[in-house]
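Okay, structure first, notes after.
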Amino acid sequence: MDITSLSAVEMRDKLLSGEISCREIVKAHIDNIEKMEPEINAFITLTKEEALERADRIDEKIRNKEEVGLLAGIPVAVKDNISTKGVRTTCASKMLENYIPPYDATVVERIIEEDGIIIGKTNMDEFAMGSSTETSYFGPTRNPIDTTRVPGGSSGGSAAAVRAKEAAIALGTDTGGSIREPASFCGVVGIKPTYGLVSRYGVVPMANSLDQVGSFGRNVSDAALLLQAIAGHDPKDSTSMDLDVVDYLAHIEDGIKGMKIGVPKEYMEIEIDKSLKDKILDAINILKDLGAELVEVSLPNLKYALPDYYIISTSELSSNLSRFDGIRYGYRTENYSSLDELYKKSRSEAFGEEVKRRIMLGTYSLSKGHADEYYKKALKIRTLIKNDFDKAFEKADVLVGPTTPTLPFKIGEITDPVTMYKSDSFTVAINLAGVCALSMPCGYVDGFPVGLQMIGDRFKEINILKAAYALEKNLGGVR
Amino acid sequence: MVSKEDVYHIADLAKLDFSHEELEKFTDEFSKILEYVGQLKELDTEGVEPTYNISSKVQPLREDVVMPSLPKEEVLKNAPEEQYGYFKLPRIMD
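Chains A and B are the protein sequences, given in the same order.
Quick note: the first sequence uses numbering that gives the first Met the number 0, first residue 0, plus one each step.
Quick note: the second sequence uses numbering that gives the first Met the number 0, first residue 0, plus one each step.
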């Protein structure tokens with residue numbers, strides 16, 4: 000039996016039935032990591048020893064017939080912008096190359112409480128700024144489907160690790176598409192939860208009003224399982240909502256008879272390869288055949304979402320990244336004669352090009368004389384986009400559309416910043432509106448996966464999970 | 000359009016340094032990005048309230064009780080330079 004080919008749910012079942020041990024699960028993944036990593040580069044830091052030690056403790060728990068958690072024995076990869084106590088957390092930047100957090104993020108605490116096994120920290124675009132994982136200080140991650148291509152980004156390492164069976168499930172973060180776009184490019188499932196469902200405590204912030212932690216899996220149930228483990232209120236994050244979390248796995252198989260599915264017409268107007276569009280339309284027809292009712296909806300301000308996102312996200316991140324001053328933690332330049340020089344040289348030597356570009360745009364948008372014209376204006380347009388989604392969800396339970404405008408592109412192919420930003424054309428509006436969405440593979444074109452995006456209203460993750468699960472079952476194993 | 004002087008001023012506000020060549024390249028890219036985001040100006044937003052954060056409800060506050068915090072040694076471990084239990088900085092006054 001190839002343990003790494005099992006789903007996360009199957010691994011846990013076989014562990015509990017005594018068919019395999021946790022050590023065997025972890026060992027099989029470590030062996031596969033050693034085989035794949037020289038080519039894929041999905042990880043920045045591996046925690047093999049700790050993972051094996053934890054595996055032995057889980058095996059002991061099972062021998063002693065103690066109760067085990069939701070993620071018992073499952074190898075989990077964690078994006079490297081999520082704090083792990085005693086394990087360096089770099090954000091794929093020279094700035095934090097040697098930073099070792101003295102505490103765990105709440106999502107990491109929850110994984111450990113649920114007996115999940117953290118196997119390593121994954122590669123990403125520097126400070127989560129990018130759509131290809133090419134801006135990492137530690138070199139690009141390669142797409143396991145075709146290693147000349149990008150895995151998407153910014154959570155490209157997590158998506159690639161799950162696709163390459165180096166981990167069963169993984170955590171990512173999504174500010175404008177950073178879970179969904181790599182999920183699409185690597186042919187896996189990625190969930191961006193509603194803003195406020197999952198704690199952001201201990202996650203290095205990019206744009207506070209848009210960031211959310213989410214999950215990857217090779218199927219819908221696996222991704223839902225990890226979401227279940229991390230969802231819920233955290234007193235340490237005042238933006239996390241105090242609501243009862245739905246039991247996703249108990250309802251995921253409920254079916255979609257009578258579910259209202261909307262296809263926003265503006266989604267089909269954004270430039271996209273025709274072969275991708277056909278796959279999306281095929282999937283929509285399957286949903287209809289499964290008993291969903293198709294309804295017409297409109298998001299009139301969708302075309303402003305991308306520029307709006309770039310103003311708001313860069314404004315927030317330029318303020319956020321001012322914490323990297325070379326004084327309390329992170330990189331400090333060797334030669335300086337004044338405090339101002341210490342700041343400027345430390346930041347300029349340690350931040351990469353894209354990070355600097357975005358800090359500059361954000362600083363400009365917030366600066367005297369431009370704040371009303373750019374930042375304030377963008378916040379007002381955000382209201383219009385949010386209202387569009389609110390109206391659409393009065394008519395539909397789930398919205399569907401593409402995740403990305405293209406198939407995975409070649410490493411080094413896109414050099415113009417604005418062209419790269421357009422990779423997120425279909426995803427950023429979801430973060431601006433604070434709703435939830437997932438991407439799942441709905442077919443292949445030229446051997447590359449096509450991502451279908453399902454969007455749900457705030458805290459209605461269960462709707463998109465039900466629809467995605469039903470579609471996945473009826474696509475007959477796209478993978 | 001932005002000038003090189005504008006870009007230089009923004010870099011100073013953001014505490015970033017650019018070489019002469021970097022500044023040239025940057026000014027060009029920056030103009031293109033601003034042109035792209037400039038399309039927002041065509042939309043009428045008269046009377047629209049800004050959305051800073053999506054949460055409609057009041058943010059839940061926790062009780063103000065004293066809880067253990069991280070030990071000072073742990074916090075200082077990541078500092079590039081420290082002395083006498085403090086972060087060390089260059090002299091800022093003559």
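Here a beta-carbon is modelled for each residue, glycine too, at the ideal position from N, C-alpha and C.
Please classify residue i: is it buried, with 16 or more other beta-carbons within 10 angstroms of its beta-carbon, or exposed?
i	result
A:Arg-478	With a pLDDT of only 41 at A:Arg-478, under 50, the local geometry of the prediction cannot be trusted, and no value is derived from it.
A:Gly-290	exposed
A:Asn-284	exposed
B:Tyr-51	exposed
A:His-28	buried
A:Lys-257	Before going further, note that residue 257 of chain A is Gly rather than Lys in the sequence given. Exposed, by the Cβ-count rule.
A:Ile-160	Looking at the sequence provided, one finds Ala at residue 160 of chain A rather than Ile. A:Ala-160 should be labelled buried.
B:Pro-67	exposed
A:Lys-355	buried
A:Lys-191	buried
B:Glu-4	exposed
A:Glu-460	buried
B:Val-64	exposed
A:Pro-204	buried
A:Glu-165	buried
B:Ile-91	exposed
B:Leu-15	buried
B:Gly-84	exposed
Quick one: which chain A residues come within Cβ less than 7 Å of residue i?
i	result
B:Asp-16	Lys-343, Lys-344 and Ser-347
B:Val-74	Pro-101
B:Lys-31	Val-417
B:Leu-88	Ile-326 and Leu-338
B:Pro-67	Within chain A, no residue comes near B:Pro-67; the closest Cβ sits about 11 Å away, beyond 7 Å.
List the residues of chain B whose Cβ lies closer than 7 Å to the Cβ of residue i, in chain order.
i	result
A:Arg-199	Those do not exist, as A:Arg-199 stays about 12 Å from chain B at its closest Cβ, beyond 7 Å.
A:Pro-234	Arg-61
A:Pro-299	Here the premise fails: no neighbours, minimum Cβ distance about 10 Å.
A:Gly-195	Ser-54
Is any heavy atom of the ligand FAD found at a distance shorter than 7 Å from the C-beta of residue i?
i	result
A:Gly-115	Inclusion of the ligand FAD in the displayed structure is not the case, the ligand content being empty and no account of it being possible.
Considering residue i, what are the terminal residues of the alpha helix (DSSP H) in which it resides?
i	result
A:Glu-48	47-62
A:Lys-390	376-394
A:Ala-76	It is not in any alpha helix (DSSP H) - A:Ala-76 instead sits in the beta strand (DSSP E) that spans 74-78.
B:Val-6	3-12
A:Leu-293	A:Leu-293 -> not in any alpha helix (DSSP H); beta strand (DSSP E) instead, spanning 292-296.
A:Val-518	This structure leaves residue 518 of chain A out entirely; chain A is present only between 0 and 478.
A:Gly-361	352-365
A:Asp-399	With the sequence shown as reference, residue 399 of chain A is identified as Val, and Asp is not the correct amino acid for it. First-last for A:Val-399: 397-401, but that is the beta strand (DSSP E), not the alpha helix (DSSP H).
In chain B, which residues lie less than 8 Å from residue i when you measure between Cβ atoms?
i	result
A:Ala-432	Ile-53
A:Ile-310	Val-36 and Leu-39
A:Ser-208	Tyr-51, Asn-52 and Ile-53
A:Met-359	Val-6, Ile-9, Ala-10, Ala-13, Leu-15, Phe-25 and Phe-29
A:Ser-317	Ala-13
Name, please, each residue of chain A whose Cβ falls closer than 8 Å to the Cβ of residue i.
i	result
B:Glu-28	Arg-356 and Pro-416
B:Leu-12	Thr-362 and Ser-366
Taking the continuous beta strand (DSSP E) assigned at residue i, which residues delimit it?
i	result
A:Thr-523	For residue 523 of chain A there is no data in the structure shown, the boundaries of chain A being 0 and 478.
A:Ser-214	211-216
A:Ala-436	435-444
A:Asp-173	168-173
A:Ile-118	116-121
A:Lys-259	259-263
A:Val-188	188-191
A:Gln-227	Where A:Gln-227 is concerned, there is no enclosing beta strand (DSSP E), although the alpha helix (DSSP H) it sits in stretches over 219-229.
A:Met-453	447-455
A:Val-245	No beta strand (DSSP E) contains A:Val-245, which DSSP labels as neither H nor E.
Give the residues of chain B in contact with residue i, contact being defined as C-beta atoms less than 9 Å apart.
i	result
A:Thr-83	Per Cβ cutoff of 9 Å: no residues; A:Thr-83 is ~14 Å from chain B at best.
A:Tyr-98	Asn-77
A:Lys-385	Thr-50 and Ile-53
Taking any Cβ of chain B, which residues in the region 323-337 of chain A have a Cβ under 9 Å from it, in chain order? Asp-324, Gly-325, Ile-326, Arg-327, Tyr-328, Gly-329, Tyr-330, Arg-331, Tyr-335, Ser-336 and Ser-337
Does the region 451-471 of chain A come close enough to the region 3-19 of chain B that 3 or more CB-CB pairs lie under 8 Å? no
Selection of the region 367-382 of chain A by Cβ proximity to chain B, strictly under 8 Å: Glu-372, Tyr-373, Lys-375, Lys-376, Ala-377, Leu-378, Lys-379, Ile-380, Arg-381 and Thr-382
Should the region 337-351 of chain A be called in touch with the region 23-42 of chain B, which here means at least 3 C-beta pairs below 8 Å? No, the region 337-351 of chain A is not in contact with the region 23-42 of chain B.
Using a Cβ-Cβ cutoff of 8 Å, what residues of the region 42-57 of chain B are near chain A? List them in chain order. Leu-42, Thr-44, Val-47, Glu-48, Pro-49, Thr-50, Tyr-51, Asn-52, Ile-53, Ser-54 and Lys-56
Can we say the region 87-106 of chain A touches the region 142-149 of chain A, given the rule of at least three CB pairs closer than 8 Å? no
Whether or not the region 423-435 of chain A and the region 401-408 of chain A are in contact is what I'm after, with contact meaning three or more pairs of Cβ atoms, one per stretch, closer than 8 Å; do they touch? yes
Between the region 354-373 of chain A and the region 306-316 of chain A, can you find at least three pairs of beta-carbon atoms closer than 8 Å? Taking a cut-off of 8 Å for Cβ pairs, the region 306-316 of chain A and the region 354-373 of chain A touch, as three or more such pairs fall below it.
Should the region 379-389 of chain A be called in touch with the region 126-135 of chain A, which here means at least 3 C-beta pairs below 8 Å? no
With a threshold of 8 Å, are at least 3 pairs of Cβ atoms found where one atom belongs to the region 391-398 of chain A and the other to the region 411-422 of chain A? no
Inter-stretch contact (C-beta, 8 Å, three-pair minimum) for the region 295-313 of chain A and the region 244-264 of chain A: yes
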